[in-house]
Each structure stands twice: as structure tokens, then as C-alpha cells.
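*Asks:* I have a structure here, written as C-alpha cells, and I will follow up with some questions on it.
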Amino acid sequence: MTYLAAAYNAKNTVDLNHVTNPAARAQLNHMHSMAVNLKLDHCIRRPEGDYECTFDHQFPSSDRTRGPDPGRAVFLVGPAATPGWYMTVYESCN
């Protein structure tokens, strides 16, 4: 998921395609106006066999309504058809 964060921060669509499904990718693209500098905090394995991953992020400098505290984004990550993992579900972002 550090690969996902690096691709997101670079706005690298090709690399994001490797670690997201289409729905998750669309939601990530929508986040760019609200969240910058995405960083993986941790992932927790769920009984279902996937992971819940939490990322910290900053708010754009143009958003003066937010304080200095980082935001958090939570995604579900599931196994890909080929070796690796996909962000599959956007759970929340604040």
C-alpha cells in the first residue's frame, strides 16, 4: 500500500491502475481536492481475509478551514487476481 500512496501523491494513473479496481480508483481521484500527501499508517488483517488500511494525509494549503491535524482515510484492500493487493473499497476520509 506504500506503492498506492506513492502513485496517488504523484497522480500516476498507470501505477494506480496496478493497485486499485475501477471504483476505488474513481474515489481516489475524487479525493485529490481534499487530501494531499497520502501516507500509509497501518493495515489490519480482517477475518474475511482482506485488510483494512489506514492512511494519514494533509489538507491542501488552500483549505484554510482545517487545522494542522492530519486527516485519515480508510480503505479495504483485497487480494488481486495476480500476485499483489488491490484497494477495493473506499470506507472513509476526513
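All residue numbers for the sequence shown refer to my numbering, where the first residue is 76 and numbers rise by one. Built from N, CA and C at the ideal position, the CB exists for glycine as well.
On the CB-based measure, 16 or more other CB atoms within 10 Å of its CB, does residue 117 come out buried or exposed?
*Replies:* When all chains shown are included, residue 117 counts as exposed.
*Asks:* Which of helix, strand or coil does DSSP assign to residue 97?
*Replies:* Reduced to three states, the DSSP call for residue 97 is helix.
*Asks:* What residue range is occupied by the uninterrupted alpha helix (DSSP H) comprising residue 84?
*Replies:* Its alpha helix (DSSP H) spans residues 77–85.
*Asks:* With which residues is residue 151 paired in a DSSP beta bridge?
*Replies:* Paired residues: 127 and 164.
*Asks:* List the residues that DSSP assigns as beta-bridge partners of residue 115.
*Replies:* DSSP output for residue 115 lists 130 as bridge partner(s).
*Asks:* Residue 166 to residue 120, Cα distance in whole Å?
*Replies:* In a straight line, the C-alpha of residue 166 is about 15 Å away from that of residue 120.
*Asks:* Who are the Cβ neighbours of residue 80 in its own chain at under 7 Å, not counting the five residues just before and after it?
*Replies:* Hits under 7 Å: 113, 114, 115 and 130.
*Asks:* Which word fits residue 89, buried or exposed, when buried means at least 16 other C-beta atoms lie within 10 angstroms of its C-beta?
*Replies:* Counting Cβ neighbours within 10 Å, residue 89 comes out exposed, since fewer than 16 surround it.
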